[in-house]
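Protein chains in written order, with our numbering: chain A, 1 to 184; chain B, 1 to 184; chain C, 1 to 184.
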Amino acid sequence: MTIAALGFAVALAGDACHVAAGVTRYEWDGVPVIWRSQVWFPFLVAGAVLLAAWSGRRAGLPAARVRTRADVVTGAALVLALYALTAVVDGEPATVSVVLCGAVACAIWSWWDPSAGAFAIALSAAVLGPVVEIVLVELGAASYADDALFGVAPWLPCLYFGAGAVASGLWAAVSASRSSRPVR
Amino acid sequence: MTIAALGFAVALAGDACHVAAGVTRYEWDGVPVIWRSQVWFPFLVAGAVLLAAWSGRRAGLPAARVRTRADVVTGAALVLALYALTAVVDGEPATVSVVLCGAVACAIWSWWDPSAGAFAIALSAAVLGPVVEIVLVELGAASYADDALFGVAPWLPCLYFGAGAVASGLWAAVSASRSSRPVR
Amino acid sequence: MTIAALGFAVALAGDACHVAAGVTRYEWDGVPVIWRSQVWFPFLVAGAVLLAAWSGRRAGLPAARVRTRADVVTGAALVLALYALTAVVDGEPATVSVVLCGAVACAIWSWWDPSAGAFAIALSAAVLGPVVEIVLVELGAASYADDALFGVAPWLPCLYFGAGAVASGLWAAVSASRSSRPVR
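#1: Grab the span of the beta strand (DSSP E) containing B/S143 for me, first residue to last.
#2: Please go through the stretch 131-165 of chain B and give each complete beta strand (DSSP E) segment of 3 or more residues, from N-terminal end onward.
#3: Please determine if the stretch 44-63 of chain C and the stretch 46-59 of chain A are in contact, where contact requires at least 3 C-beta pairs separated by less than 8 angstroms.
#4: Measure the CB-CB distance between C/C106 and C/L82 and report whether it falls below 8 angstroms.
#5: Write down every uninterrupted run of the alpha helix (DSSP H) in the stretch 67-112 of chain A whose length is 4 residues or greater and which is fully enclosed by it, in chain order.
#6: At which residue ranges does the stretch 12-60 of chain C contain complete alpha helix (DSSP H) runs of 4 or more residues, listed in the order of the chain?
#7: Just how far apart, CA to CA, sit A/A103 and B/G30?
#8: Using a beta-carbon distance below 8 angstroms, is C/V96 in contact with chain B?
#9: With a CB to CB cut of under 6 angstroms and the five nearest residues on each side skipped, what residues in its chain are close to A/W35?
#10: Take B/A64 as the anchor and find which of A/L85, A/W109, A/A70 has the nearest alpha-carbon.
#11: Contact between the stretch 113-131 of chain C and the stretch 92-100 of chain C is defined here as three or more beta-carbon pairs at a separation below 8 angstroms; is this criterion met?
#12: Closer than 8 angstroms is the cut-off here; do at least three beta carbon pairs connect the stretch 156-176 of chain C with the stretch 121-141 of chain C?
#13: Cα separation between C/D90 and B/A87?
#14: In chain order, what residues of the same chain lie with their CB nearer than 6 angstroms to the CB of C/F8, ignoring the 5 residues before and after it?
#15: Which residues mark the beginning and the end of the alpha helix (DSSP H) in which A/A176 is found?
#16: Do A/T24 and A/S143 have their beta-carbon atoms positioned less than 8 angstroms apart in this structure?
#17: Report yes if the CB atom of C/G117 is closer than 8 angstroms to the CB atom of C/L61, and no otherwise.
#18: CB B/T268 to CB B/A4, shorter than 8 angstroms?
#19: Would a C-beta distance cut-off of 8 angstroms place C/A21 and A/E133 closer than the cut-off?
#20: Give me, in chain order, the residues of the same chain whose beta-carbon lies closer than 8 angstroms to that of A/P32; leave out the 5 immediate sequence neighbours on both sides.
#21: Any beta carbon from chain B within less than 8 angstroms of C/A21's own beta carbon?
#22: Which residues of chain B have a Cβ atom closer than 8 angstroms to the Cβ of A/A194, listed in chain order?
#23: Please report whether the beta-carbon of C/P157 lies at a distance below 8 angstroms from any beta-carbon of chain B.
#24: Output needed in chain order: residues of the stretch 69-86 of chain B with a Cβ under 7 angstroms from some Cβ in chain C.
#25: Throw me the rounded Cβ distance for the B/P154 and B/A145 pair, which I believe falls under 8 angstroms.
#26: Quick check on C/L139: buried or exposed, where buried means 16 or more other Cβ atoms within 10 Å of its Cβ?
#27: Buried or exposed for B/V135, please, with buried defined as at least 16 other CB atoms from any protein chain shown within 10 angstroms of its CB.
#28: Just to check my reading of the structure: B/A76 and B/L6 have Cβ atoms closer than 8 angstroms, yes? What is that Cβ distance to the nearest angstrom?
#29: Have a look at C/G129, C/W28, C/M1 and flag the residue whose alpha-carbon is nearest the alpha-carbon of C/P157.
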């Protein structure tokens, strides 16, 4: 529940940045809107985050770092910051925006959980997320201002990589004991 | 002493960014200037940082993380980076700048000290800081290029939130033993 | 070997950002190009990183934090993110770009290894790196769009400071045991 709500909230705030900056545009008419997103979008992301978190738990691969509830706040905030950053750098040359967002996403993964399991889920997210969005663009649901990557923005895989990395460890982190000992 | 000097230095460098970028402008004439700030500004901030640090110590609420002198450098650098970032994103739509700066501020709080006490002081700073600045704008001391929030910029509470979070734990961190053991 | 390869890769991706954004331009004709860099550039940086890493090991000063292989990924990603960031903020007033990049570089140093030894090597890099680039600009090899610092960009020392700080501890970090224990 917490995990889906987290995905929902980050999707809503991040997507508001994209729409406000003109990075993306919804193309279907008459669909109800929450903040600046058509209702289907945050639910889709919440489901995807839940799926990634469940995969991470299901795979049962050893995490390189044990994450607590406090870390979840940092992880979600960093992914949201990366989301908003993509809105800022959308007008830059693709090389700049992809290297910057890719480096930040890589730093998020290696800080959150530098394990092979988290990397595999992050990489899957970096492929599957954009593929789903490419299909949505093809269906006429939405469009990107910069559509250099088969209709979506070239930095999109980087954003999914960072989000997927954090999502992969959410189940364990959220289930962690509330009372975390002071860290020295 | 260290704490006030830190607040003074960060205020001076951060404010230089705001003035250089045209984000803020001093409106009173004939007031002496240090770097790009009128003298009253860095002293005001230094006093506010000292007050927040003293409140954090006085409240005596348990910190979730014990911070050392080395962490103080990181904390001050991150707050200054957020300060300079606000100068960069001032021209962006308010949704983008507020979400980006808010997410970074939240990450700073949850990294520095994800405790209820630090959150309370950060939140107080996010309210009181902008209120004081709104009064200063009303008095004609200064003005913001983007004055959407009662005369000040909409991202201003985010900057105060991040700064307040770090300030809340400065007393304990600065008093920490100089010789920090290597952390594994 | 790993260290030189890391320096080579970060230099190549970061320089691609600078060239793509028009921050720097290669001026010699007929020199072979890898991605967007003339071949001598990434080799020069790889050598410099190796030298800084060797100096750090040779000096044998105590590190304030023991870094592992996973930290190397985070450190390299953060330096690359700073590299790409300089391409984004190159058009900003010098005060803004220098304070922002300087604060990020300082945060990287104090996170990676807040020791006097790492600081000394970072500071040396912040002086020597730009000096070498100033000579290269004088020789007509390359040019900067913003040449306010004797022909190079004013934020360049900040980038070298962050890179030098991480490079100073690479030898120990890369030599660290592959199997890092889970960190709590």
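Glycine residues also receive a C-beta, built at the ideal position from the N, C-alpha and C atoms.
The short version:
#1: 142-144
#2: 142-144
#3: no
#4: no
#5: 69-88, 94-112
#6: 40-59
#7: 47 angstroms
#8: yes
#9: L12, A16
#10: A/A70
#11: no
#12: yes
#13: 14 angstroms
#14: P42, A46
#15: Run containing A/A176: none; DSSP gives neither H nor E here.
#16: yes
#17: yes
#18: Examination of residue 268 of chain B is not possible in this model, given that chain B is present from 1 through 184 alone.
#19: no
#20: Q38, V39
#21: no
#22: The first residue shown for chain A is 1 and the last is 184, placing residue 194 of chain A beyond what the model contains.
#23: no
#24: A70, V73, T74, A77, L78, L80, A81, A84, L85
#25: At roughly 12 angstroms, the Cβ-Cβ gap does not stay under 8 angstroms, so B/P154 and B/A145 are not in contact.
#26: exposed
#27: exposed
#28: 6 angstroms
#29: C/G129
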